[in-house]
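Taken in sequence, the protein lines are chains V and G. Per our numbering, the first sequence starts with residue 48, numbered consecutively. Per our numbering, the second sequence starts with residue 524, numbered consecutively. Structure first, then comments.
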Amino acid sequence: MRFWTSAVLLLAFPGLLYADETFVKIHRVSGNQIAIVPDAANGESGAMRGGRGRRGGAAAAQPTILTVSPDAKITSAMRERRTFEFRVGAELAGGLKHRVFQEMQAPLSARIVSDGNRITEINVIISETDINQSTTTASGEAIIAVRPKRPPTKRASTAGKAR
Amino acid sequence: MTLRIVLRRFLFCASVLGCLAWLVPSQNQLLAQDDVRFFESKIRPVLVKHCYECHSTESGKSRGGLKVDSRDALLRGGDSGPAVVAKSLEQSELYQALLYHDDGWQMPPKGKLPQATIDDFRRWILMGAPDPRTTAINPDVTSAIDIESGRQFWAYQPLSPTSPLATKTATEAEWSTTAIDRFVEGKLQEQGLTPVADASPEVLVRRLYFVLTGLPPSPEDLQKWTARLGVSPFAPRKDEFSGQSFAERKATLAQLVDELLASDRYGERWGRHWMDVARFAESTGGDHNNVYQHAWRYRDYVIDSFNADKPFDQFIREQIAGDLLPIGSDQEWANNIIATGFLAIGVKSVGEENQQQFFADLVDEQIDTTTRAFLATTVACARCHDHKFDPIPQVDYYALAGIFRSTETHYGLLKAQARQATTLIDLTGMGPAAGTPELNSEEYAALVKQRDDAAQAIEDAMKKIRSGENVFRGLLRKYRSDRDETEAALQAYSNRGQPRVFAMGTQDRDAALPTRFLVRGELDKPAQLVERGVLQVLSPPKKQTLVALTKDAGVRQHRTPGLPNLKHQSLSGRLQLAEWIASPKNPLTARVIANRVWHWMYGQGLVRTVDDFGHAGEAPSHPELLDYLANRLIEENWSIKALIREIALSRTWQLASTYEERNFGIDPDNRFYWRMEPAAAGSRSDPRCDTGRVWKTRPAASAGYLFARGR
């Protein structure tokens, strides 16, 4: 009995590594490691079509730690508002160091694409973003312009003086 | 617990783990293998046989925006939505098309497939549409281009310190009066050509006005300057000018040239030339053609830069990396950011659904514009393959792409207007004037009410939906669009009704985006990672990467003035790219702009293909003269006005445009400048003048936008 319980538990999560495409919730990011639990509700395309309120089912599962290779592509993603179709967005600059992961307050829904036991892509669902990863929807907290990043102040350096 | 028990438990656990390690992959692979086998035997052959012809990368076609040769493409679908939705036959357009319903798509077009095949697709979709065709990293791609031999091409050779063939002092007895004339005369003699007579003073005055300001002289000015040149505009025309000595005439002309160059009209005329190069337009073009409400700031920046005779190397640095340049004041900072509008304007397919595709196209457009404008090189050809004519391997394209991919482009628009919208850059309080008038309290309150009404309409509609009532989706979309637009309109003002100052431009990302070589330029065919850098053929050997460039003594010598130190770098690499382009050591930059100036003054360039100095372009008619002009430009601190002055005061530029049969027989295209190009001779009138409605003041914002709003 003990054997079969262990086997079932251990089989459940390493199985992720062999799937092509898995929907998960990312609970924690530390360096190049992510703590995830499978997201059964998101796992099937069209599962969201019935509307909100069907999520869940993974809360009780213990997170699994996965290592993400440095060349994995990390992108934003979204569910189309009407059809809930999964759409991959722009690449997130900095990968797992992006502020989406560094400042996460709640688990993030994501799709993990793997090739064999190597993660090739993580598409994380975040609020609507543009290619600069700035929110441009005008619902609630609309942002139509951002303040520029300050460049260095002019110095009387030797740079550029030799013509 | 005895040692024996501990060992037994350890062995038990080890054996369990060992078994699992063997079981897990095999079990999963077994399951996957079944699916894969089904796909490979039943589905893929049908797709290849009946669909790839019109929907695959291999065929180069994606009818209806659909490709079926990869899993991602199939799931993404085409214009009418996803082709396959796992476990949903109704929503899988591909399956519905196979059924050949009378009221829907019917595929393949040649005839309905056998029922057994359709049943296979049905089973496959219900299985969850397993498809092993994932995006794999392709093997590293190498180039066969020989960069070293490519460097021997004339355009990639360093500027040579040329001097005119004849070095004797100019006197009135000789035709040549300037160094430019001596270069031209040398070529004329080689070809057996003789220059035509000088233009009459009247023609010359009109020519100067048209070429330098784009406007004709007023009758009074024409009379004044013609008289000063010795011949009345009302006197009979003379083919040969004889009223004054060349020296006196030259001094008078120099005075007129200086006066015109100091006029505000000069910047408007020459700024327009540059805006053509910079593909300036106040809308996105492409599919939606949304208006860029803030593009006019870049227009004004260009006009002011020409009027102020900004050194061209600084002009380059500001347009490519203005936001990264060291600043002395907020006003300077704001102007530098506005300059980067160069990268933010341009054609964009803002209706593109695939964000990564849109971003790749945006970067491509930036690379294309930057390299053609400053280097007259068609680098964008290397997006899909090694350049067919020039020594530019595909990897060079992706080295540049890495720089622009690490850059945020802020061109504005709202999600309500376009799928691919971005933020603008907020310059409020940094100096530039607002382009729109202030709102009074009533106007501001009306705008708030408009926004609240739109938000309320959405809330009402949502309540109806929740209570089970049917609400037309299009109406809901309109409400959302109204709310977004009014919210954005409101955000363009402070709560006191003062307009905020926005601009298009660029910023560095927080981190660089790694860039992969894309086989055939396809997003789903990535190969090796490419280090950011510049063109190999224009760099010292093995020093094309950004890291190597910044260590090169030759490059460090010409870094931007005012940097904190010589090691200072930008995160994206745009600053290094701008410095590399603006360096006097770059063999193309000075040649390209000198040729453009000649082209704008003469009607044809020394290299007639002004945007292409490569093998597919033309060779220069006067290579020594081109190098001379490029060297003069650098010597004069990249002053465009100084170069214009030198060309305008040459006798070559002052020739008449008269026809001469013998010369025409030898050189019908006037490649050797035996006369002035008739098209550039200033004999045409400006249509704006004909209507008598010339705007002599610059519009305060976007003329088209304000006009459309009735302001």
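Just so it is clear, CB atoms sit at the ideal spot from N, CA and C, and this is done for glycine as well. Just so it is clear, the structure is predicted and the values come from calculations on it, not from any experiment.
Worksheet entry | Length of the line joining the Cα atoms of Arg134(V) and Leu731(G) | 58 Å
Practice prompt. Sort out for me which residues DSSP pairs Ser161(V) with in a bridge.
Written response: Ile166(V)
Worksheet item: Based on the DSSP output, what are the partners of Phe1187(G) in its beta bridges?
Response: None, per the DSSP bridge assignment.
Discussion item. Which residue wins for smallest C-alpha separation from Leu711(G), given the options Leu1172(G), Asn1186(G), Pro1201(G)?
Written reply: Asn1186(G)
Worksheet item: Which runs of the alpha helix (DSSP H), 4 residues or longer, sit entirely within the stretch 606-663 of chain G?
Response: 616-621, 638-649
Worksheet entry | Same chain, Cβ closer than 7 Å to Glu1045(G), five either side skipped, listed in chain order | Thr580
Worksheet entry | Terminal residues of the beta strand (DSSP E) in which Phe70(V) lies | 68-77
Worksheet item: Who are the Cβ neighbours of Trp819(G) in its own chain at under 6 Å, not counting the five residues just before and after it?
Response: Same-chain partners within the cutoff: Ala1224, Ser1225.
Discussion item. If you reduce the DSSP assignment to three classes, tell me which class Gln712(G) lands in.
Written reply: helix
Practice prompt. Could you have a look at Ala968(G) and say whether DSSP puts it in helix, strand or coil?
Written response: Of the three classes helix, strand and coil, the one that applies to Ala968(G) here is helix, per DSSP.
Worksheet item: Which term fits Ala667(G), buried or exposed, when burial requires 16 or more other beta carbons within 10 angstroms of its beta carbon?
Response: Around the beta-carbon of Ala667(G), fewer than 16 other beta-carbon atoms lie within 10 Å, marking it exposed.
Worksheet item: Can you list the beta strand (DSSP E) stretches of 3 or more residues lying completely in the stretch 761-828 of chain G, in chain order?
Response: none
Worksheet item: List, in order along the chain, the chain G residues whose C-beta lies closer than 7 Å to that of Lys201(V)?
Response: Ordered by position in chain G, the residues that pass the 7 Å Cβ test against Lys201(V) are Pro849, Ile850, Gly851, Gly1085.
Worksheet item: Would you say Pro85(V) reaches chain G, if we count a Cβ-Cβ gap shorter than 8 Å as a contact?
Response: no
Discussion item. Here's a check: name, in chain order, each residue in its chain whose Cβ is nearer than 6 Å to the Cβ of Pro1222(G), leaving out the five neighbours to either side.
Written reply: none
Worksheet item: When burial is assigned at 16 or more other CB atoms within 10 Å of the CB, is Thr52(V) buried or exposed?
Response: Confidence is the limiting factor: at Thr52(V) the pLDDT is only 43, short of 50, which leaves the residue's position unreliable, though a coordinate-based value still follows. The residue in question, Thr52(V), is exposed, as its Cβ has fewer than 16 Cβ neighbours within 10 Å.
Fill in: Within the stretch 914-977 of chain G, ranges of the alpha helix (DSSP H) (whole runs, at least 4 residues)
917-928
Worksheet item: Can you tell me whether Phe995(G) is buried or exposed, with buried defined as 16 or more other CB within 10 angstroms of its CB?
Response: Within 10 angstroms of the beta-carbon of Phe995(G) lie fewer than 16 other beta-carbons, which makes it exposed.
Worksheet entry | Which listed residue (Tyr815(G), Thr701(G), Ala977(G)) has its alpha carbon closest to that of Thr946(G) | Tyr815(G)
Worksheet item: The beta strand (DSSP E) with Val1053(G) in it runs from where to where?
Response: 1049-1053
Worksheet item: If we ignore side chains and look at the alpha-carbon of each, how far apart do Phe1136(G) and Asp836(G) end up?
Response: 19 Å
Worksheet entry | Beta-carbon proximity of Val1120(G) to Ile1170(G), cut-off 8 Å | If you check the CB distance, Val1120(G) and Ile1170(G) come in under 8 Å.
Discussion item. In the DSSP output, which residue or residues are listed as bridge partners for Thr122(V)?
Written reply: According to DSSP, Thr122(V) bridges with Glu138(V), Asn170(V).
Practice prompt. Could you tell me if Asp976(G) is buried or exposed, where buried requires 16 or more neighbouring beta carbons within 10 angstroms of its beta carbon?
Written response: exposed
Worksheet item: How many angstroms separate the CA atom of Lys1015(G) from the CA atom of Leu1086(G)?
Response: Lys is not the amino acid found at residue 1015(G); the sequence shown has Ala there. The alpha-carbon atoms of Ala1015(G) and Leu1086(G) are separated by roughly 34 Å.
Worksheet item: For the alpha helix (DSSP H) that Thr1038(G) lies in, which residues bound it at each end?
Response: No alpha helix (DSSP H) contains Thr1038(G), which is instead part of the beta strand (DSSP E) from 1038-1041.
Discussion item. Please tell me whether, using a cut-off of 7 Å, the distance from the CB of Pro1022(G) to the nearest non-hydrogen atom of the ligand NAP is below it.
Written reply: Questions concerning the ligand NAP fall outside what the structure shown contains, since it holds no ligand whatsoever.
Worksheet item: Does the Cβ of Thr1083(G) have 16 or more other Cβ atoms within 10 Å, making it buried, or fewer, making it exposed?
Response: Buried, by the Cβ-count rule.
Discussion item. For Arg656(G), which residues in the same chain have their Cβ closer than 6 Å to its Cβ, ignoring the five residues on either side in sequence?
Written reply: Ser593, Arg594
Worksheet item: For Ile981(G), which option in Trp698(G), Asn830(G), Ser1004(G) has the closest C-alpha, if you only look at C-alpha atoms?
Response: Ser1004(G)
Item to complete: Using a cut-off of 8 Å between C-beta atoms, extract the partners of Gln943(G) located in chain V.
Response: Asp177, Ile178
Worksheet item: Since Val195(V) meets chain G, which of its residues come closer than 8 Å, beta carbon to beta carbon?
Response: In the sequence under discussion, the amino acid at residue 195(V) is Pro, which differs from the Val named in the question. Within chain G, the residues near Pro195(V) are Asp846, Trp856, Ile860, Ile948, Asp949, Leu950, Gly1028, Gln1030.
Discussion item. So Phe882(G) contacts chain V; which residues on that side make the cut at Cβ distance below 9 Å?
Written reply: Ala137, Glu138, Ile178
Item to complete: Tell me, please, which residues DSSP counts as bridged to His578(G).
Response: Ser585(G)
Worksheet entry | Below-8 Å beta-carbon distance, Ala157(V) vs any chain G residue | no
Item to complete: Establish whether the CB of Ala108(V) and some CB of chain G are separated by less than 8 Å.
Response: Judged by the 8 Å Cβ criterion, Ala108(V) is not in contact with chain G.
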